[in-house]
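A.B. asks: Number 579 marks the last residue of the sequence shown (the working numbering); no jumps. Don't be surprised by glycine CBs; every beta carbon is placed ideally from N, CA and C. Because the structure is a prediction, the values reported are computed rather than measured. Take this structure first; my questions come after.
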Amino acid sequence: MALPIEKVEIGFDLTDQPGVTFFTLDDPVKGLLDNTDFLLGGAIFYDVTDKVKSFQIDRGKPRRFSTTPAGAAGIRFNNHDRAFDPTYADSPYAGQIIPRREVRITSGTVVQFTGFIDDWNLTYTVDGNSVADAVAKDVTSFFSKQRVTAGTPTQELTSERINEVLNDPEVNWIPSLRDIETGTVDVGTQAIEPNTNALNYMQKVTETEGGLLFINKIGQVAFRNKSFRPSSENLVTFGQGTGVPYSGIQVVYGSELLYNEVVIANVGGGTATASNQDSQLTYGIRNLTITDLLGATDAQSVDLAVSYAELYSQPEYRIERLDVQVHDLEPAQQEQVLDLEIGSVCKVLFTPNNIGDPIERFLAVISIKHDVNPELHVMRLGFQEVKFKYWTLSDPEFGRLSDDNRLGDL
Numbered sequence: 170m171a172l173p174i175e176k177v178e179i180g181f182d183l184t185d186q187p188g189v190t191f192f193t194l195d196d197p198v199k200g201l202l203d204n205t206d207f208l209l210g211g212a213i214f215y216d217v218t219d220k221v222k223s224f225q226i227d228r229g230k231p232r233r234f235s236t237t238p239a240g241a242a243g244i245r246f247n248n249h250d251r252a253f254d255p256t257y258a259d260s261p262y263a264g265q266i267i268p269r270r271e272v273r274i275t276s277g278t279v280v281q282f283t284g285f286i287d288d289w290n291l292t293y294t295v296d297g298n299s300v301a302d303a304v305a306k307d308v309t310s311f312f313s314k315q316r317v318t319a320g321t322p323t324q325e326l327t328s329e330r331i332n333e334v335l336n337d338p339e340v341n342w343i344p345s346l347r348d349i350e351t352g353t354v355d356v357g358t359q360a361i362e363p364n365t366n367a368l369n370y371m372q373k374v375t376e377t378e379g380g381l382l383f384i385n386k387i388g389q390v391a392f393r394n395k396s397f398r399p400s401s402e403n404l405v406t407f408g409q410g411t412g413v414p415y416s417g418i419q420v421v422y423g424s425e426l427l428y429n430e431v432v433i434a435n436v437g438g439g440t441a442t443a444s445n446q447d448s449q450l451t452y453g454i455r456n457l458t459i460t461d462l463l464g465a466t467d468a469q470s471v472d473l474a475v476s477y478a479e480l481y482s483q484p485e486y487r488i489e490r491l492d493v494q495v496h497d498l499e500p501a502q503q504e505q506v507l508d509l510e511i512g513s514v515c516k517v518l519f520t521p522n523n524i525g526d527p528i529e530r531f532l533a534v535i536s537i538k539h540d541v542n543p544e545l546h547v548m549r550l551g552f553q554e555v556k557f558k559y560w561t562l563s564d565p566e567f568g569r570l571s572d573d574n575r576l577g578d579l
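And the structure:
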């Protein structure tokens, strides 16, 4: 057992650098197609792993009813030769140590982060053991500074509206960098006001759906609807003695996600309120109010309010976090956990202090963190419980009849 192969690449445009040879049209040697020696000009990814001292990745959101912030990566480079010093003319990357350089981090065979460097922070020591820290964010930070063209949209699915925002001339996001699942809810014709922020608007569309919006590992805008039928295919099981082992686990049992009075309202629409009287008698009134949604009808607000009042009316024994020592796993297990993405469903088996019967939970990944240096690779996975309504015919895990089969809800 050993560390997976780690790779850090930065997109540099070294076309004009001496000693760097690129593809040359019509050249009998440099112009051959499909060669790997003479690369196309412009920014391309360069492997800088040999200079990496450590890196961290932080993606996802902290809890169910919150938006997903920009994914972030921090990379520490050995800078004793000033290779990452923007003022050093003899650096092999001279003129390229600037903000907005693209960065890609891969563990094993799976890309874990794609984003853009916002800042280069340089630290020099008198003994020359200097470092450069690159701070990167995913493209969420781009959308937070863009606007949507004002106007009145047509009624359409949530997924269609998100694509319309991405197609907007103000945003103009690349179609190949999208992973948009078909929505299950219609958004209405509420006017888009001037100077409407693109990110905030897409998040409001996602909130109307009750789904997930995030940037995936390879830099695509990803949208997941609120409902899905689970499958045992590629299901990762975590457990001590069964499945992928973990080194730490955090359990939360309380009222953080306890709501027995839910108020939902669309822009320009009525207000829907759903209550769970039994829960209120036991725990008191716990209110969740979500307003300014973009649903097409008030009936959608009623459905959403009733659904939330049912799903969140009881305290939840929730496995909130797992720590996994990736460097201690077998290669096949490393591949399993490194392949996890936001929204992936996992099975966790947990017997506290090996006393009593195992606790079994099905959980959706809502955050992924990596902490990597030459000696270790630790992943920290954050979860929310998945609640199922329907069972899946012939599935060995989700085809079993039980009293807890409820609609899959992220």
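Taking Gly240 as the reference, which of Ile384, Val356, Val334 and Val300 has the closest Cα?
C.D. replies: The sequence position of residue 240 within the sequence shown is 71, counting from 1. Answer by Cα proximity: Ile384.
A.B. asks: Taking DSSP as the reference, what is the three-state secondary structure of His539?
C.D. replies: On the sequence shown, position 370 is the one that residue 539 refers to. Strand, per DSSP.
A.B. asks: State the DSSP-derived secondary structure class of Ile331, mapped to helix, strand or coil.
C.D. replies: Here residue 331 refers to the residue found at position 162 when the sequence shown is read from its first residue. Helix.
A.B. asks: Taking 8 angstroms as the cut-off, decide whether the C-beta atoms of Val431 and Leu457 are in contact.
C.D. replies: As a working note, residue 431 is residue 262 in the sequence shown. As a working note, residue 457 is residue 288 in the sequence shown. The answer is yes: Cβ separation under 8 angstroms.
A.B. asks: Look at the alpha carbon of Gly551 and the alpha carbon of Val506, and state the distance between them as a whole number of angstroms.
C.D. replies: Against the sequence shown, residue 551 aligns to sequence position 382. Against the sequence shown, residue 506 aligns to sequence position 337. Using only the alpha carbons, I get a separation of about 13 angstroms.
A.B. asks: In angstroms with no decimal places, state the Cα-to-Cα distance between Asp307 and Val317.
C.D. replies: Here residue 307 refers to the residue found at position 138 of the sequence shown. Here residue 317 refers to the residue found at position 148 of the sequence shown. So the alpha carbons of these two residues sit roughly 20 angstroms apart.
A.B. asks: So the candidates are Val390, Val221, Tyr370 and Asn523; which of them puts its Cα closest to the Cα of Ile343?
C.D. replies: Numbered from its first residue, the sequence shown carries residue 343 at position 174. Among Val390, Val221, Tyr370 and Asn523, the Cα nearest to that of Ile343 is on Val390.
A.B. asks: With burial defined as no fewer than 16 other Cβ atoms inside 10 Å of the residue's Cβ, what is the status of Arg269: buried or exposed?
C.D. replies: The residue given as residue 269 occupies position 100 in the sequence shown. Classification for Arg269: exposed.
A.B. asks: Figure out for me which residue from Ser513, Leu346, Thr375 and Gly525 has the closest Cα to the Cα of Ile535.
C.D. replies: On the sequence shown, position 366 is the one that residue 535 refers to. Comparing Cα positions, the closest option is Ser513.
A.B. asks: Can you tell me which of Glu479, Thr451, Arg549 and Gln483 puts its alpha carbon nearest to the alpha carbon of Glu489?
C.D. replies: For the purposes of this step, residue 489 is taken as residue 320 along the sequence shown, with counting starting at 1. Taking only the C-alpha atoms, the option nearest Glu489 is Arg549.
A.B. asks: Look up Phe312 in the DSSP assignment and say whether it is helix, strand or coil.
C.D. replies: To locate residue 312, count along the sequence shown from 1; it is residue 143. Of the three classes helix, strand and coil, the one that applies to Phe312 here is helix, per DSSP.
A.B. asks: Out of Gln553, Asn332 and Glu329, which one is the CA nearest neighbour of Leu480?
C.D. replies: Position 311 of the sequence shown, counted from the start, is the residue given in the question as residue 480. The residue with the shortest Cα to Cα distance from Leu480 is Gln553.
A.B. asks: Since Asp447 is in the alpha helix (DSSP H), which residue starts that stretch and which ends it?
C.D. replies: Residue 447 sits at position 278 when you count from the first residue of the sequence shown. Looking at the DSSP string, the run of the alpha helix (DSSP H) that includes Asp447 is Gln446 to Tyr452.
A.B. asks: State whether the stretch 318-326 contacts the stretch 279-296, with contact taken as three or more CB pairs (one from each stretch) at a distance under 8 angstroms.
C.D. replies: no
A.B. asks: For the stretch 502-547, list the beta strand (DSSP E) runs that are entirely contained and at least 3 residues long, ordered along the chain.
C.D. replies: 514-519 and 528-542
A.B. asks: By a C-beta neighbour count over all protein chains shown, 10 Å radius and 16 as the cutoff for buried, is Leu450 buried or exposed?
C.D. replies: Within the sequence shown, numbered from 1, the residue matching residue 450 stands at position 281. Exposed, since its Cβ has fewer than 16 Cβ neighbours within 10 Å.
A.B. asks: Okay, do the stretch 222-234 and the stretch 516-533 touch, 3+ Cβ pairs below 8 angstroms being the bar?
C.D. replies: no
A.B. asks: For Ser416, which residues of its own chain have a beta-carbon under 6 angstroms away from its beta-carbon, when the five flanking residues on both sides are left out?
C.D. replies: If you number the sequence shown from 1, residue 416 lands on position 247. Correct list, in chain order: Asp492 and Gln494.
A.B. asks: Please report the distance separating the alpha-carbon of Leu382 from that of Gln372.
C.D. replies: As a first step, residue 382 is located in the sequence shown; it is residue number 213 there, counting from the start. As a first step, residue 372 is located in the sequence shown; it is residue number 203 there, counting from the start. Roughly 7 angstroms between the two C-alpha positions.
A.B. asks: In this structure, how does DSSP classify Gly210 when only helix, strand and coil are distinguished?
C.D. replies: Start at 1 with the first residue of the sequence shown, and residue 210 comes out as number 41. Bear in mind that the predicted position of Gly210 carries a pLDDT of just 43, short of 50, making it unreliable; the figure below should be weighed with that in mind. Three-state result, Gly210: coil.
A.B. asks: Starting from Val421, trace the beta strand (DSSP E) in both directions and tell me its first and last residue.
C.D. replies: Counting from 1 along the sequence shown, the entry for residue 421 is found at position 252. Element bounds for Val421: Gly417 to Gly423.
A.B. asks: Of the choices Val517, Ala263, Asp254 and Val272, whose alpha-carbon is the least far from that of Gly410?
C.D. replies: What you label residue 410 is simply residue 241 of the sequence shown in a count that begins at 1. Closest option to Gly410, Cα to Cα, is Val517.
A.B. asks: Below 6 angstroms CB to CB, which residues in the same chain sit around Leu473 once its five sequence neighbours on both sides are set aside?
C.D. replies: Position 304 of the sequence shown, counted from the first residue, corresponds to residue 473. Cβ within range, chain order: Ile433.
A.B. asks: Given this structure, state the Cα-to-Cα distance separating Asp227 from Ala305, to the nearest angstrom.
C.D. replies: Residue numbering aside, residue 227 sits at position 58 when the sequence shown is read from its first letter. Residue numbering aside, residue 305 sits at position 136 when the sequence shown is read from its first letter. Rounded to whole angstroms, Asp227 to Ala305 spans 10 angstroms at the Cα level.
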